[in-house]
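The block underneath contains the structure these notes are about, expressed in structure tokens.
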Amino acid sequence: AAARYAGELAMNPNPARLFEAIRQWCWDHRATETLAREELGLDIGGVVGYSYGAFQSLLLASAGGIRQPIVSIASTNRYAFGLSNGVLGRGVIDGMERAGIDSDMLYRLTDSLQLERHVERLREHEVLYVRGLHDGVDPHPSLDRLEHALAPSASLTLDVGHATLVFLRDRIQGTAIEFLRRTGAIEGGAIDTGSSSMAS
């Protein structure tokens with residue numbers, strides 16, 4: 002099959018492609034773990050995901066497929082809600098409408114992918130939840146609902162949007178390293194995290 006960009010199948014007017022993308026991501030994650038362990042002699046200490054990767058990490062962990070600590074950065078929550086109300090979905094929605102998929106059908110087809118329904122299983126899992134206060138990809142109140150359901154062991158909310166989190170990458174990196182060290186995912190001495198701090 003032809004190569005795809007990361008997340009390309011997820012942002013597609015055919016909702017069936019979304020489920021294919023999720024399945025492919027799960028296979029890729031398992032293959033990466035196997036390669037690291039069997040070919041390189043490495044164990045994966047933690048999982049860091051951004052946006053769609055964060056969504057996938059939390060979803061797979063909810064199904065028991067990830068046991069390591071997770072750093073979730075800008076995860077989405079409700080697929081159909083994000084497409085209908087967020088800044089990235091208009092083109093996908095237009096394509097779905099041309100194919101005969103209206104809003105009600107979209108919500109029915111993707112109802113099982115409301116991440117907030119699954120993440121309560123992660124209440125005992127080590128998760129650092131990082132989000133932008135002004136995230137327009139999956140807008141308010143979707144991410145509030147996800148954080149409430151997840152009840153992460155650590156969280157960091159920053160006064161930026163979805164993509165503009167990159168401008169605060171040093172703070173996010175420092176907080177993530179602090180979290181991964183605290184959970185035993187990585188080893189090392191103290192680091193200077195600047196103004197970075199974790200809120201429990």
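Numbering-wise (my numbering), the sequence shown opens with residue 2 and increments by one.
We put the CB at the ideal spot given by N, CA and C, even for glycine.
Should Arg38 be labelled buried (16 or more other beta-carbon atoms within 10 Å of its own) or exposed? exposed
Beta carbon of Ile67, beta carbon of Val49: below 7 Å? no
Name, in chain order, the residues that DSSP records as bridge partners for Arg122. None, per the DSSP bridge assignment.
What first and last residue would you give for the beta strand (DSSP E) that runs through Thr158? 155-159
Contacts around Leu169, its chain only, beta-carbon distance under 7 Å, and the 5 residues preceding and following it disregarded: Leu159, Val161
Select from Leu181, Gln25, Gly46, Phe20 the residue whose C-alpha is nearest the C-alpha of Tyr130. Leu181
Note down the Cα distance separating Pro16 from Glu121, rounded to an integer number of angstroms. 25 Å
State buried or exposed for Glu127, treating a residue as buried only when at least 16 other CB atoms are found within 10 Å of its CB. buried
Whole-angstrom distance between Gly101 and Leu36, CA atom to CA atom: 42 Å
Enumerate in chain order the residues of its own chain whose CB-to-CB distance from Gly189 is below 7 Å, with the five nearest sequence positions on each side excluded. Arg182
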